[in-house]
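Here the structure comes first, spelled out in structure tokens, and everything after it is commentary.
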Amino acid sequence: MLKERDLMLDMQMKELFNRGELQKELELEVDRLFRLKELRLSCMQKISPIRTLREKEEEKKMNGYQPKELNYDEEDDIRTESSSENDPSAIGNEIIAIVTTR
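Each residue of the sequence shown is one higher than the one before, starting from 106 at the first, in the UniProt record's numbering.
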């Protein structure tokens, strides 16, 4: 009967030892995960996240920024004005047209 009791206590002691080892491993893993989470949070605070174009456009809309939309006629006028200002032959053609009409 004493031998049976000794074996039973031995088995319980081994089980407690195994549970203790398992608990140590789990505590180490939890500690590592906690440190990893803190590391991620500290990195996110230093570097601002990259915003998508959609987020930037939504922010502009919320701030009230609205780009001016040109009509096709206005765009054509702007193009002809800028091309005639920069092109010397276009200026010469305008002068010839004015002289011939008089």
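Built from N, CA and C at the ideal position, the CB exists for glycine as well.
Distance from the CA atom of L127 to the CA atom of Q150, rounded to whole angstroms, is 35 Å. In the three-state reduction of the DSSP assignment, G125 falls in the helix class. With contacts defined as CB atoms closer than 9 Å, R156 and E164 qualify as a contacting pair.
If you draw a straight line from the Cα of D115 to the Cα of K129, it is about 21 Å long.
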